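Q: Sharing a structure with you now.
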Amino acid sequence: MKILVLNGPNLARLDLRDSSIYGSMTFPDLITFITAEAAELGFNADVRQTDSESQMIQWLHEAADSQLPVVINPAAFTHYSYAIRDAAELVKSPVIEVHLSNPLAREEFRHTSVISGIATGTIAGFGPDSYRLALLALARLIK
Ligand code: DQA
Numbered sequence: 390m391k392i393l394v395l396n397g398p399n400l401a402r403l404d405l406r407d408s409s410i411y412g413s414m415t416f417p418d419l420i421t422f423i424t425a426e427a428a429e430l431g432f433n434a435d436v437r438q439t440d441s442e443s444q445m446i447q448w449l450h451e452a453a454d455s456q457l458p459v460v461i462n463p464a465a466f467t468h469y470s471y472a473i474r475d476a477a478e479l480v481k482s483p484v485i486e487v488h489l490s491n492p493l494a495r496e497e498f499r500h501t502s503v504i505s506g507i508a509t510g511t512i513a514g515f516g517p518d519s520y521r522l523a524l525l526a527l528a529r530l531i532k
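Going by the numbering used here, the first residue of the sequence shown is number 390, and it counts up by one from there.
This is the structure in structure tokens:
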């Protein structure tokens, strides 16, 4: 089964971000990790990243139109993008929000997620394993 794993701004530059927060996996490594974990659970994961709000909205529309489950790390969009929230709300398959770090343990502006309220669930703070746990949750929900 095909799923979309959508990643927001600056996540393609994980190698340049604070490794004490985001760990040492590069984004290409993260794609390999997610794809392999997904395959073990019987998912064909299409892993994408964009720095553009418009592109992210188009991908969420695609998920809604094609009834695809979504794992999404909205990155900084998490904290303010009502447009992405509204687009994610159109997806009737499960939408799982993930974060590498635990935003609630960080700066106050990260304590708000405008996405969580429409997500099926949220997993945060486990590094790349946040994605793995999201995929596991998805497998349990769907199968
Ligand atoms: C993040 C957390 C966000 O606050 C931040 O803006 C990101 C990454 C995470 O995966 O921990 O870019 O979503």
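Glycine included, every Cβ here is placed at the ideal spot set by N, Cα and C.
Note that the coordinates shown come from a computational prediction; the quantities given were computed from them, not determined experimentally.
Mapping DSSP to helix, strand and coil, what is T415?
A: T415: coil per DSSP, three-state reduction.
Q: Could you pull the DSSP bridge partners for Q438 from this structure?
A: Beta bridge pairing from DSSP links Q438 with N396.
Q: Measuring alpha carbon to alpha carbon, tell me which residue in L530, P458 and H488 is nearest E478.
A: Put simply, of L530, P458 and H488 the residue whose alpha carbon is nearest the alpha carbon of E478 is P458.
Q: F466 and G397 look like a contact to me (Cβ under 8 Å); what is the Cβ gap, rounded to whole Å?
A: 5 Å
Q: Between L524 and I420, what straight-line distance do the alpha-carbon atoms span, to the nearest angstrom?
A: 13 Å
Q: Compare the beta carbon distance of G510 and L489 with 8 Å and say whether it is the shorter of the two.
A: no
Q: Taking DSSP's pairing of strands, which residues face I410 in a bridge?
A: Paired residues: none, contrary to the question.
Q: Determine the direct distance from the alpha carbon of Y471 to that of W448, and round the result to whole angstroms.
A: 15 Å
Q: Measuring only from the beta carbon, is R474 closer than 7 Å to any heavy atom that is part of the ligand DQA?
A: Distances taken from the Cβ of R474 to the heavy atoms of the ligand DQA include none shorter than 7 Å.
Q: Could you pull the start and end residues of the alpha helix (DSSP H) that I512 belongs to?
A: Segment G510 to A513 is the beta strand (DSSP E) holding I512; no alpha helix (DSSP H) there.
Q: Per DSSP, what are the beta-bridge partners of H488 in this structure?
A: A513
Q: Could you check if I504 is buried or exposed, using at least 16 other CB atoms within 10 Å of its CB as the buried criterion?
A: buried
Q: Report the CB separation of V487 from A453 in whole angstroms; it is logged as a contact under 8 Å.
A: With a Cβ gap of about 19 Å, V487 and A453 do not count as contacting.
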